[in-house]
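Structure first, then comments.
Numbering (the working numbering), first residue to last: 4 to 113.
Structure, rendered in C-alpha coordinates:
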(Lines of atoms letter the chains of each structure in order from A; the text may use other names.)
(Lines give C-alpha, C1' and ligand atoms only; values in the text may rest on other atoms or scores of the structure.)
Protein backbone atom coordinates (compact mmCIF):
# COMPACT_ATOMS: atom_id res chain seq x y z
CA UNK A 4 0.00 0.00 0.00
CA UNK A 5 1.38 3.39 -1.00
CA UNK A 6 0.78 6.38 1.23
CA UNK A 7 1.64 9.77 -0.23
CA UNK A 8 2.82 12.53 2.02
CA UNK A 9 2.02 16.16 1.27
CA UNK A 10 3.97 17.13 -1.85
CA UNK A 11 6.40 20.01 -1.53
CA UNK A 12 5.94 23.31 -3.29
CA UNK A 13 7.31 23.39 -6.83
CA UNK A 14 9.62 26.25 -7.73
CA UNK A 15 11.50 27.60 -10.74
CA UNK A 16 14.94 26.23 -11.36
CA UNK A 17 16.44 23.11 -12.80
CA UNK A 18 18.70 20.74 -10.98
CA UNK A 19 19.57 17.11 -11.11
CA UNK A 20 16.69 14.75 -10.34
CA UNK A 21 17.46 12.62 -7.33
CA UNK A 22 15.85 10.15 -4.95
CA UNK A 23 16.51 8.47 -1.60
CA UNK A 24 15.15 5.13 -0.36
CA UNK A 25 15.20 3.77 3.19
CA UNK A 26 13.73 0.66 4.82
CA UNK A 27 12.33 0.48 8.34
CA UNK A 28 9.95 -1.57 10.49
CA UNK A 29 7.12 -2.54 8.10
CA UNK A 30 7.74 0.44 5.84
CA UNK A 31 9.88 1.69 2.95
CA UNK A 32 10.29 5.47 2.79
CA UNK A 33 11.32 7.42 -0.29
CA UNK A 34 11.88 11.04 -1.24
CA UNK A 35 13.39 13.04 -4.05
CA UNK A 36 13.16 15.93 -6.48
CA UNK A 37 11.82 15.86 -10.04
CA UNK A 38 12.12 18.37 -12.89
CA UNK A 39 8.84 19.48 -14.50
CA UNK A 40 7.89 21.64 -17.51
CA UNK A 41 6.85 24.45 -15.14
CA UNK A 42 6.04 24.87 -11.42
CA UNK A 43 2.26 24.59 -12.04
CA UNK A 44 2.45 20.89 -12.88
CA UNK A 45 1.93 18.37 -10.07
CA UNK A 46 3.50 15.03 -9.24
CA UNK A 47 1.76 11.72 -8.76
CA UNK A 48 3.07 8.30 -7.78
CA UNK A 49 2.08 4.73 -8.54
CA UNK A 50 3.49 1.56 -7.01
CA UNK A 51 4.24 -1.51 -9.15
CA UNK A 52 5.21 -4.79 -7.49
CA UNK A 53 7.07 -7.70 -9.07
CA UNK A 54 7.82 -10.35 -6.41
CA UNK A 55 10.47 -8.77 -4.16
CA UNK A 56 10.95 -5.81 -6.51
CA UNK A 57 9.02 -2.60 -5.87
CA UNK A 58 8.93 0.15 -8.49
CA UNK A 59 7.70 3.64 -7.60
CA UNK A 60 6.66 5.53 -10.74
CA UNK A 61 6.70 9.31 -10.25
CA UNK A 62 4.82 11.10 -13.03
CA UNK A 63 4.04 14.69 -13.93
CA UNK A 64 0.40 15.77 -14.24
CA UNK A 65 -0.50 18.86 -16.28
CA UNK A 66 -2.50 21.56 -14.50
CA UNK A 67 -6.12 22.16 -15.45
CA UNK A 68 -6.53 25.06 -17.90
CA UNK A 69 -8.86 26.80 -15.42
CA UNK A 70 -6.15 27.04 -12.74
CA UNK A 71 -5.06 30.47 -13.97
CA UNK A 72 -1.73 32.01 -14.80
CA UNK A 73 1.49 30.02 -14.58
CA UNK A 74 4.97 31.47 -14.73
CA UNK A 75 6.93 29.96 -17.61
CA UNK A 76 10.11 28.41 -16.32
CA UNK A 77 11.51 24.94 -15.77
CA UNK A 78 10.15 23.73 -12.46
CA UNK A 79 11.37 21.30 -9.86
CA UNK A 80 9.32 19.79 -7.04
CA UNK A 81 10.23 17.75 -3.99
CA UNK A 82 8.23 14.67 -3.04
CA UNK A 83 8.15 12.06 -0.31
CA UNK A 84 6.05 9.06 0.54
CA UNK A 85 6.11 5.60 1.98
CA UNK A 86 5.13 2.06 1.14
CA UNK A 87 3.35 0.72 4.22
CA UNK A 88 2.39 -2.75 5.50
CA UNK A 89 5.50 -4.30 3.96
CA UNK A 90 6.37 -7.80 5.18
CA UNK A 91 9.84 -8.24 6.70
CA UNK A 92 12.49 -9.15 4.16
CA UNK A 93 14.92 -7.89 1.55
CA UNK A 94 13.55 -5.81 -1.35
CA UNK A 95 14.89 -4.14 -4.45
CA UNK A 96 13.28 -0.72 -4.77
CA UNK A 97 13.44 1.42 -7.89
CA UNK A 98 12.37 5.04 -8.28
CA UNK A 99 11.43 6.02 -11.84
CA UNK A 100 10.82 9.55 -13.09
CA UNK A 101 8.85 8.89 -16.25
CA UNK A 102 10.94 6.49 -18.34
CA UNK A 103 14.18 7.10 -16.43
CA UNK A 104 15.33 5.01 -13.48
CA UNK A 105 16.67 7.56 -10.98
CA UNK A 106 17.54 5.31 -8.05
CA UNK A 107 17.81 1.58 -7.28
CA UNK A 108 18.47 0.29 -3.78
CA UNK A 109 18.37 -2.94 -1.86
CA UNK A 110 16.54 -2.35 1.42
CA UNK A 111 15.74 -4.46 4.45
CA UNK A 112 12.33 -4.25 6.09
CA UNK A 113 12.21 -5.38 9.72
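Quick reminder that beta carbons are idealized off the backbone N, C-alpha and C, glycines included.
Is the beta carbon of residue i less than 8 Å from the beta carbon of residue j?
i, j, result
"residue 85", "residue 32", "yes"
"residue 29", "residue 96", "no"
"residue 64", "residue 15", "no"
"residue 78", "residue 55", "no"
For residue i, which of the options has the nearest alpha-carbon?
i, options, result
"residue 36", "88, 66, 24", "24"
"residue 47", "91, 96, 80", "80"
"residue 53", "94, 14, 110", "94"
"residue 82", "107, 99, 66, 76", "99"
"residue 105", "41, 59, 39", "59"
Around the Cβ of residue i, are there at least 16 other Cβ atoms within 10 angstroms (buried) or fewer (exposed)?
i, result
"residue 61", "buried"
"residue 102", "exposed"
"residue 90", "exposed"
"residue 71", "exposed"
"residue 19", "exposed"
"residue 17", "exposed"
"residue 113", "exposed"
"residue 26", "buried"
"residue 49", "exposed"
"residue 42", "buried"
Pick out the complete beta strand (DSSP E) segments inside the segment 9–93, 3 residues or longer, and give them in chain order.
21–27, 30–39, 45–53, 56–64, 78–87
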